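K.L.:
Okay, here's the structure, questions in a sec.
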Amino acid sequence: MTRSQNQARTHEPSHDAGKAQNSAQGSQVTQKYYVHPQAAALFSKWPWVRRVPIFGEAVEGYGPKVIVALGTSYLLCKGVADQILTGQTYAMMIDRYGISVPRYQRLSPISSMGWSIKAFTAMLCDGFAFLGYTKRWYMFISCVGGGAFALIYGLLPAKEASADVAAAFIFLSTWGKANVDILSEGHYSRLMRQNPKPGPSMVSWIWFWIMVGAIIATVMNGPLADAGKPQISIFVSAALQAITCVFYLFNWYGEKKNRVLRSEDALFILEETRKERERLGLEGVNNGTAGAQHGGAAKGKRSPQRSHSDEDVEGAVRDALNDGQRDNGELVQDVYDDAYDDGEEVAEGEVYYGKPPVPCLFGLFEANTEVISKNWKIFVYSVVMTCAVIAMLCANILADTLGLLVACVVVSTICCAASFWALPLVIAKANVFAYLDKAVSIRVSGPLNAFYLNTYGCPGNLPNFTYTFYNTVAGVINTIVGMITVTLFNFLFAKHGYRLTFIVTTIMQVLAALFDIIIVKRWNLYIGIPDHAMYIWGDAVVGEIVYMLGFMPQIVLLSRLCPRGSESVVYALMAGFARLGRTTAASLGAILLEYGLPVFKTQDDGSRCNYDNLPLLLFLCSMCTPLLAIPLSIILLPKARICDDIDIDGKVVRQAVDKQVAAAPLPSSDSDAVMNAEPLHGNKADEREAARGEAVQGKRAGASEK
């Protein structure tokens, strides 16, 4: 019996079937519940574990190993290691290597460029399984390699010539973390599709540990930078990233073999099409075909969809202790049992759905030709994005000012055009808006950091913040305020349109930029407000609130537009393009510094204390250019509310799907027919995918961008 058949029989009974069952059993309905067998054993030993908020429900649905592995991986890799690496960039580049502020402005965005090409990693791993797995060994290599690059970065000599090489190592190490992030997202997205009910708890569990890791890194970075030892943080980052590989070495994620996953995906297309036709009353036309599918389907497992009471779990524990002798509707689920361990293959004699992977390079890799052929435009677009990121990397390190400007223009033009070529129109417009919205908010973090920290010991009444205050205290407040803002966002803007929300948040961000200008002009001292209080209230509180209020609608929009079945790669493309927009914004800031508004530039007498142009630079970059996002939002964003479900054409999802399913013939069990589904960029396929989308994907969205 297939997993989809189990879903249909166990979790989605028809109204008539329910009445027949009540009649047969004298109106006694047996409710079927499920719990992971490892969770049942854990709860039998320590019943209190199930009552732990978030963790208990997540473990119940997916088992303790994968939940612990996901939480720890995100804590170590994306939480602590990544925040350390990016948070210490200024101290390493300015204090340890001794480069100038304009040079730092060029090199600083490289620390986040690795996140812009994780879509290429997703497509590469989905297209070519390594040693039988599409994720496991890629994540292992990313952790080991990323940790090694971070270690080399920390060991570089403390001289100016090391800065360019250090930037390249930062990029490679960050790319390793981004690979682990996107592949982990793909894995737990599949788990949530199999068992949607505890999905939000799993996502909350993951983000809890990301936030904890960010706070740990923030607390560590400030004091070490003040002590003149920022490289110690880099060594810690390298060690934590490398240690994470243990979970992939022993496959604690529980990833199945590539051949099994490809067969399951093809079977899923069959079952979903059949159920849509059944819902529309068209199934009777092909009863013979449907019956053949039920009879000849490959062996699958159930996909539970319910949470469970304490009594249900106690029953599951009893069943587990009775050697699997189950009562009350087969409580213990089998979806992750030993049949799917490392040695799992499609059993001899079973029906294999879809085109089998093609072995290559002496069996080291398996090419999933149907994945590549169906999504070839997305694959090409991810390659274009990767080339664009590498071009920006080289331009920031090697090009002169004019060359950097040309690179920004060419990369922006090519990537925006490729977006409209590769993606459906509404997705492409949202993708381009996310990029341009970030690009027009020009970033000049280098001069602003130098002013607040008084890096060059300039005379005068400068703030003279320490790293402990600037990075640690303000950073912790930033994190707490950000978490509160995310919680409040739903109450403030959920029922408003995307266009209105972006217009309001853009104006709020422009007004929040006044706080930096007030401090730079020293007006706060005239009215008796100390620098520390003004900075905490301005940047750490108000600035973070308006940033998150502008960030959240983009995440919601991207999540709603991503077609089901391709959420990870499409979301990675869109989030990566937005990251590239931040890189472009920083590069434009460097161009302004080098062309017309120099700040902290080395003078003829060797002094670097000229910051007269800083207020004007902040006014242009933080208050003028961001306003360009307002007309862009009107042109590029869909006319819909944040709470609305929208498809790729902005139409009512269910109506569009009804027409498509009614017109489409039911595929047979033949593998060639199964794989003739519309490709990702086809509107028909996207409408069907969007109609079957799960709401839980919106919570995952966050992740990856901030």
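According to UniProt numbering, the sequence shown is numbered sequentially starting from 1. Here a beta-carbon is modelled for each residue, glycine too, at the ideal position from N, C-alpha and C. For clarity, every value in this text was computed on a predicted model and none was experimentally measured.
Assuming T244 and V180 form a contact by the criterion Cβ under 8 Å, report the distance between their Cβ atoms to the nearest whole angstrom.
P.N.:
With a Cβ gap of about 7 Å, T244 and V180 count as contacting.
K.L.:
Are at least three pairs of beta-carbons, each pair with one atom in the stretch 431-441 and one in the stretch 413-423, less than 8 Å apart?
P.N.:
Enough Cβ pairs lie closer than 8 Å, so yes.
K.L.:
Secondary structure at R608, three-state DSSP: helix, strand or coil?
P.N.:
If DSSP states are grouped into helix, strand and coil, R608 belongs with coil.
K.L.:
Looking at I630 and I503, is the spacing between their C-beta atoms short of 8 Å?
P.N.:
Closer than 8 Å, so yes.
K.L.:
So, M113 versus M392, is the Cβ gap smaller than 8 Å?
P.N.:
Taking 8 Å as the Cβ cut-off, M113 and M392 qualify as a contacting pair.
K.L.:
For A178, which residues from the same chain have a beta carbon less than 6 Å from its beta carbon, with the 5 sequence-adjacent residues on both sides left out?
P.N.:
Closer than 6 Å at Cβ, skipping near neighbours: G114, W115, K118.
K.L.:
Please classify F362: is it buried, with 16 or more other beta-carbons within 10 angstroms of its beta-carbon, or exposed?
P.N.:
When all chains shown are included, F362 counts as exposed.
K.L.:
With three or more beta-carbon pairs closer than 8 Å as the criterion, would you say the stretch 468-478 touches the stretch 529-540?
P.N.:
Because the criterion of three Cβ pairs below 8 Å is met, the stretch 468-478 and the stretch 529-540 touch.
K.L.:
Are the stretch 96-110 and the stretch 149-167 touching, with three or more C-beta to C-beta distances below 8 Å?
P.N.:
As far as the Cβ criterion goes, the stretch 96-110 touches the stretch 149-167, which means the pair count is three or higher.
K.L.:
For A158, count neighbouring Cβ atoms within 10 angstroms of its own Cβ and tell me buried if that reaches 16, exposed if not.
P.N.:
By the neighbour-count rule (16 or more Cβ atoms within 10 Å), A158 is not buried but exposed.
K.L.:
Quick check on the DSSP output: what are the complete alpha helix (DSSP H) runs of length 4 or more inside the stretch 437-487, in order along the chain?
P.N.:
Within the stretch 437-487, the complete alpha helix (DSSP H) runs of at least 4 residues are 445-453.
K.L.:
Taking all protein chains shown into account, do 16 or more other C-beta atoms lie within 10 angstroms of the C-beta of G457, making it buried, or fewer, making it exposed?
P.N.:
G457 is exposed by the Cβ-count criterion.
K.L.:
So, with DSSP's three-state summary, where would you put Q655?
P.N.:
Summary for Q655: the model assigns pLDDT 44, below 50, so the residue's position carries little reliability; its value from the coordinates is reported in the next sentence. Residue state, collapsed to three classes: helix.
K.L.:
Assign V410 to one of three DSSP states: helix, strand, or coil.
P.N.:
Of the three classes helix, strand and coil, the one that applies to V410 here is helix, per DSSP.
K.L.:
Take the Cβ of A40 as the centre, count every other Cβ of all protein chains shown within 10 Å, and call the residue buried at 16 or more, exposed below.
P.N.:
That one is buried.
K.L.:
State yes or no: is the C-beta of C143 within less than 8 Å of the C-beta of T134?
P.N.:
No, the Cβ-Cβ distance between C143 and T134 is not below 8 Å.
K.L.:
Pick out whichever of F268, L627, I477, T625 has its Cα sitting closest to the Cα of M211.
P.N.:
With distances taken between Cα atoms, M211 lies closest to I477.
K.L.:
When you compare only the Cα positions, how much space is there between Q88 and D82?
P.N.:
Distance between the alpha carbons of Q88 and D82 is about 10 Å.
K.L.:
Helix, strand or coil for E57? Go by DSSP, reduced to three states.
P.N.:
Three-state DSSP puts E57 in a helix.
K.L.:
Buried or exposed, going by whether 16 or more other CB atoms sit within 10 Å of the CB of K374?
P.N.:
Flag for K374 reads buried.
K.L.:
Leaving out five residues on either side along the sequence, give the residues of the same chain with a beta carbon under 8 Å from the beta carbon of P447.
P.N.:
Excluding positions up to five away in sequence, the list reads V101, Q105, L593, V599, F600, Y611, L614, L617.
K.L.:
Smallest Cα separation from F491: which of A69, K256, P553, L85?
P.N.:
The shortest Cα separation from F491 among A69, K256, P553, L85 belongs to P553.
K.L.:
With C-beta atoms as the reference, is R259 less than 8 Å away from P356?
P.N.:
A contact, by the Cβ cut-off of 8 Å.
K.L.:
Does the beta-carbon of I635 have 16 or more other beta-carbons within 10 angstroms, so that it is buried, or is it exposed?
P.N.:
By the 10 Å Cβ count, I635 comes out exposed.
K.L.:
Assuming contact is defined by CB atoms lying nearer than 8 Å, are I206 and A122 in contact in what I supplied?
P.N.:
Cβ atoms of I206 and A122: not closer than 8 Å.
K.L.:
Assuming V80 is part of the beta strand (DSSP E), what are its boundary residues?
P.N.:
Run containing V80: none; DSSP gives neither H nor E here.
K.L.:
Determine the closest residue to C621 out of L514, V219, I269, R136, with distance taken between C-alpha atoms.
P.N.:
Checking every option, the nearest Cα to that of C621 belongs to L514.
K.L.:
Cutting at 8 Å between CB atoms, please list the residues of its own chain near G79, excluding the five before and the five after it.
P.N.:
Excluding positions up to five away in sequence, the list reads W209, I210, M211, V212, G213, A214, I216, A217.
K.L.:
In this structure, what does DSSP give as the bridge partners for R641?
P.N.:
R641 is bridged to G497.
K.L.:
From D323 to Y138, what does the alpha carbon distance come to, in whole angstroms?
P.N.:
Its pLDDT being 43, under 50, D323 is placed unreliably in this model, and the value from its coordinates should be taken loosely. Cα to Cα, the separation comes out at about 37 Å.
K.L.:
Is P198 near G63, with beta carbons less than 8 Å apart?
P.N.:
Cβ atoms of P198 and G63: not closer than 8 Å.
K.L.:
Along the beta strand (DSSP E) that carries A367, what are the first and last residues, could you check?
P.N.:
Where A367 is concerned, the enclosing beta strand (DSSP E) stretches over 365-367.
K.L.:
Does Y133 come out as helix, strand or coil in the three-state DSSP assignment?
P.N.:
In the structure shown, Y133 sits in a strand (DSSP, three-state: E or B).
K.L.:
Ends of the beta strand (DSSP E) at P359?
P.N.:
It spans 358-360 - the beta strand (DSSP E) in which P359 sits, taken as one unbroken run.
K.L.:
Could you name the residues of the same chain whose beta carbon sits closer than 6 Å to that of R582, not counting the 5 residues immediately before and after it, in chain order?
P.N.:
Result list for R582: K438, in chain order.
K.L.:
With DSSP run on the structure shown, which of helix, strand or coil describes F491?
P.N.:
Three-state DSSP puts F491 in a helix.
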